[in-house]
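> The structure under discussion is supplied below as structure tokens; questions concerning it will follow.
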Amino acid sequence: MKSLGILLSGRGSNFVAIAESIDAGRIVDARIALVISNKADSPGIDTARQRGLNALVIPSKGKAREEHDREVVAALKTNKVDLLCLAGYMRLLSPWFVQQFPRKILNIHPSLLPAFPGLEAQEQAFAYGVKVSGCTVHFVDEELDHGAIVVQKTVPVLDGDDEHTLAARILEQEHIAYTEAINIVLGGKFEILGRRFVKSSQNAEVRMQK
Ligand code: GRF
8 MKSLGILLSG
18 RGSNFVAIAE
28 SIDAGRIVDA
38 RIALVISNKA
48 DSPGIDTARQ
58 RGLNALVIPS
68 KGKAREEHDR
78 EVVAALKTNK
88 VDLLCLAGYM
98 RLLSPWFVQQ
108 FPRKILNIHP
118 SLLPAFPGLE
128 AQEQAFAYGV
138 KVSGCTVHFV
148 DEELDHGAIV
158 VQKTVPVLDG
168 DDEHTLAARI
178 LEQEHIAYTE
188 AINIVLGGKF
198 EILGRRFVKS
208 SQNAEVRMQK
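Numbering-wise (this note's numbering), the sequence shown opens with residue 8 and increments by one.
The following block contains the structure:
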């Protein structure tokens, strides 16, 4: 049984989608060991409590990044988290944090990276006038919205769209994409070749025995 950690700052709909996928057996052999919010008033952390999950607020306000990161990492290690899923976590992780969980941190971003990294990706895409956008689940590395891409889903931009309708259709795909990516990563049957995440027929341990 793998233990997932979730970091969030806000609404928490991606977290709920992951929790529902576990409950429904779409993600197998995994549980959510810990949900952490850096904000006490995030709806996502209330939902985590209501679901009876181990939910922790570790406030970031007024703390140096490294200090806050150390508290978060300590909680994740105490709970023996195998895979950490950022789900609307509005903080940059320090390089030290990323190094604590090599290839074990996923993020979801509401655009087809490398287009429109950073904040308000859906608004950026809409304003730019792209005809296709979508979402990306990727490994987290030391750069913002940058690590190897695990899953992408496309969403057409319709003539009648505004930023909100586009964002809502992207969000539906985010919920599907995160479950898919978690299953692939927990399955362990992949290689990262340069920047490319490639599915393989065997997991890393088996490959190394050859
Ligand atoms: C999502 O759009 C996600 O892609 C981005 O932040 C938003 C979080 O939404 N990283 P929610 O809190 O999961 O509902």
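Even glycine gets a Cβ: it sits at the ideal position worked out from N, Cα and C. None of the values given here were measured: they were computed from a predicted structure.
In this structure, how does DSSP classify Lys9 when only helix, strand and coil are distinguished?
The count along the sequence shown starts at 1 and reaches residue 9 at position 2. Reduced to three states, the DSSP call for Lys9 is strand.
> Would Ile177 and Leu120 qualify as a contact pair, given that the criterion is a beta-carbon distance under 9 Å?
Mapped onto the sequence shown, residue 177 falls at position 170. Mapped onto the sequence shown, residue 120 falls at position 113. Contact flag unset, no.
> Looking only at its chain, what residues have a beta carbon closer than 8 Å to the beta carbon of Val139, apart from the 5 residues adjacent to it on each side?
Position 132 of the sequence shown, counted from the start, is the residue given in the question as residue 139. Correct list, in chain order: Leu119, Thr161, Val162, Pro163, Val164.
> Quick one: residues in its chain with C-beta nearer than 7 Å to the C-beta of Glu170, no 5 flanking neighbours on either side, listed in chain order?
Working through the sequence shown from its first residue, we reach residue 170 at position 163. Excluding sequence neighbours, Glu170 sits near Gln129, Glu130, Phe133.
> Under three-state DSSP, which class holds Pro163?
Numbered from 1 along the sequence shown, position 156 holds the residue referred to as residue 163. Strand, per DSSP.
> Does the beta carbon of Asn21 fall short of 8 Å from some heavy atom of the ligand GRF?
Taking the sequence shown and counting its residues from 1, one reaches residue 21 at position 14. Yes, since a heavy atom of the ligand GRF falls inside the 8 Å radius drawn around the Cβ of Asn21.
> Within its chain, find whatever has a CB closer than 7 Å to the CB of Val192; leave out the 5 residues flanking it on each side and keep chain order.
Residue numbering aside, residue 192 sits at position 185 when the sequence shown is read from its first letter. Leu90, Leu113, Val157, listed in sequence order.
> If we ignore side chains and look at the alpha-carbon of each, how far apart do Ile44 and Val205 end up?
Looking up residue 44 in the sequence shown gives position 37. Looking up residue 205 in the sequence shown gives position 198. Checking the displayed sequence, the identity of residue 44 turns out to be Ser instead of Ile. For Ser44 and Val205, the distance between alpha carbons rounds to 32 Å.
> By the 10 Å Cβ neighbour count, where 16 or more other Cβ atoms means buried, how is Asp148 classified, buried or exposed?
Position 141 of the sequence shown, counted from the first residue, corresponds to residue 148. Buried: at least 16 other Cβ atoms inside 10 Å.
> Identify which residue in Gly167, Phe22, Leu100 has its Cα closest to the Cα of Leu151.
Start at 1 with the first residue of the sequence shown, and residue 151 comes out as number 144. When each option's Cα is compared against that of Leu151, the closest is Leu100.
> Can you grab the Cα-Cα spacing for the pair Gly201 / Ala188, in whole Å?
Residue mapping note: residue 201 aligns to position 194 of the sequence shown, counting from 1. Residue mapping note: residue 188 aligns to position 181 of the sequence shown, counting from 1. Cα-Cα distance, rounded: 19 Å.
> Assuming His116 and Cys142 make a contact with CB atoms under 8 Å, what is their CB distance in whole Å?
Sequence index remark: in the sequence shown, residue 116 carries index 109 (1-based). Sequence index remark: in the sequence shown, residue 142 carries index 135 (1-based). Between Cys142 and His116 the Cβ distance is about 7 Å, and since that is below 8 Å, they are a contact.
> Relative to the ligand GRF, is the shortest distance from any of its heavy atoms to the C-beta of Arg18 smaller than 8 Å?
By 1-based counting over the sequence shown, the position of residue 18 is 11. Yes; taking the cut-off as 8 Å, the Cβ of Arg18 has a heavy atom of the ligand GRF nearer than that.
> What is the DSSP secondary structure of Ala122, counted as helix, strand or coil?
Looking up residue 122 in the sequence shown gives position 115. Here DSSP, grouped into helix, strand and coil, assigns Ala122 to coil.
> Under a Cβ-count criterion, where at least 16 other Cβ atoms within 10 Å of its own Cβ denotes burial, should Val35 be classed as buried or exposed?
Position 28 of the sequence shown, counted from the start, is the residue given in the question as residue 35. Counting Cβ neighbours within 10 Å, Val35 comes out exposed, since fewer than 16 surround it.
> For Thr143, which beta-bridge partners are listed by DSSP?
In the sequence shown, counting from the first residue as 1, residue 143 sits at position 136. Answer is His116, Gln159.
> By the three-class DSSP mapping on this structure, what secondary structure does Leu93 have?
Here residue 93 is taken as the residue at index 86 of the sequence shown, counted from 1. Reduced to three states, the DSSP call for Leu93 is strand.
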